[in-house]
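Chemist: Pasting a structure here, questions to come.
Numbering (this note's numbering), first residue to last: 176 to 436.
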């Protein structure tokens with residue numbers, strides 16, 4: 176596959192995948208999801224690769240979630256296919272026999288934070304910002320926010336993150352277990368490579384079996400992901416989602432109060 180939305184590089188045992196849409200805050204569209212899935216599959220098939228690092232292009236964003244310009248136009252039928260691509264990507268990342276390190280260089284919001292949740296380790300730049308955005312735009316974080324997030328930060332904190340849609344610093348992300356380490360912005364990729372090289376010193380068989388074992392309980396949550404896909408697909412095209420997406424594009428606060436409770 177020739178990539179348009181990402182950059183894939185592999186050398187010295189490390190595959191680096193960069194979401195390359197800085198003009199869109201590295202938000203993902205359908206094409207991005209397809210290319211990311213293909214890149215992770217390429218890393219899995221490459222016997223010379225032992226670790227994967229995923230990051231975002233530029234200095235502002237790791238990934239700011241789904242591209243509003245595409246998501247705002249989804250209807251239940253098309254939305255279901257879009258969410259299917261999300262699930263295919265996360266399943267590929269989770270089943271990868273090699274550790275995935277997220278090098279978070281900026282905004283890590285909404286679906287971007289859910290990509291982070293599907294990574295094995297997270298190193299954050301001091302400039303990184305984490306958070307969920309679903310309810311603020313009329314959506315729901317069913318791609319890990321309602322499954323993986325409570326297991327990562329605890330149920331109370333996960334509810335806070337989703338219900339209030341607040342943003343958290345890199346230091347706060349480490350405190351709550353959402354990231355492993357904070358480093359200066361200019362040392363982010365250097366540190367990610369250092370961690371990757373340390374992993375490459377380990378038995379690949381042991382790393383693979385360890386990842387499989389750690390994933391066991393949360394792998395049983397797959398039915399929750401598919402259940403969530405069916406529910407969220409029905410929301411696409413709704414008045415509330417339309418208001419949320421439209422307000423985001425117009426850079427104004429959404430008026431959800433008019434819809435009642």
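Note that beta-carbon positions come from the ideal geometry of N, C-alpha and C, so glycine has one too.
Residue 261 by DSSP, collapsed to three states: which one?
Modeler: helix
Chemist: Look up residue 427 in the DSSP assignment and say whether it is helix, strand or coil.
Modeler: coil
Chemist: Tell me, which residues are paired with residue 335 by DSSP?
Modeler: Bridge partners of residue 335: none, in fact.
Chemist: Give every residue of the same chain whose Cβ lies closer than 8 angstroms to the Cβ of residue 454, excluding the five residues on either side of it in the sequence, and list them in chain order.
Modeler: The question about residue 454 has no answer here: the residues shown for the chain are numbered 176 through 436.
Chemist: So the alpha helix (DSSP H) residue 237 belongs to, where does it begin and stop?
Modeler: Looking at the DSSP string, residue 237 is not in any alpha helix (DSSP H); the run it does join, the beta strand (DSSP E), is 236 to 238.
Chemist: Would residue 323 be called buried (16 or more neighbouring beta carbons within 10 Å of its own) or exposed?
Modeler: buried
Chemist: Keeping to the same chain, check which residues put their C-beta closer than 7 angstroms to that of residue 370; ignore five residues upstream and five downstream.
Modeler: Once the five neighbours on either side are set aside, the close Cβ partners of residue 370 are 276, 296, 298.
Chemist: With distances taken from CA atoms, which of 177, 378, 181 is nearest residue 195?
Modeler: 181
Chemist: Around the Cβ of residue 409, are there at least 16 other Cβ atoms within 10 angstroms (buried) or fewer (exposed)?
Modeler: exposed
Chemist: Is the beta carbon of residue 238 sitting closer than 8 angstroms to the one on residue 247?
Modeler: In this structure, residue 247 does not lie closer than 8 angstroms to residue 238 by Cβ.
Chemist: Check each candidate in 384, 353, 210 and name the one with the smallest Cα separation from residue 265.
Modeler: 210
Chemist: In whole angstroms, what separates the C-alpha of residue 380 from that of residue 412?
Modeler: Near 46 angstroms, if we compare the C-alpha coordinates of residue 412 and residue 380.
Chemist: With DSSP as the reference, label residue 210 as helix, strand or coil.
Modeler: The answer is helix: DSSP assigns residue 210 an H, G or I state.
Chemist: Cβ atoms of residue 300 and residue 345: under 8 angstroms apart, would you say?
Modeler: yes
Chemist: Taking contact to mean 3 or more Cβ pairs, one atom from each stretch, closer than 8 angstroms, check whether the stretch 281 to 293 and the stretch 303 to 322 are in contact.
Modeler: yes
Chemist: Contact check, residue 226 vs residue 185 under 8 angstroms by CB: the rounded distance?
Modeler: Actually they are not in contact, since the Cβ atoms of residue 226 and residue 185 sit about 10 angstroms apart, beyond 8 angstroms.
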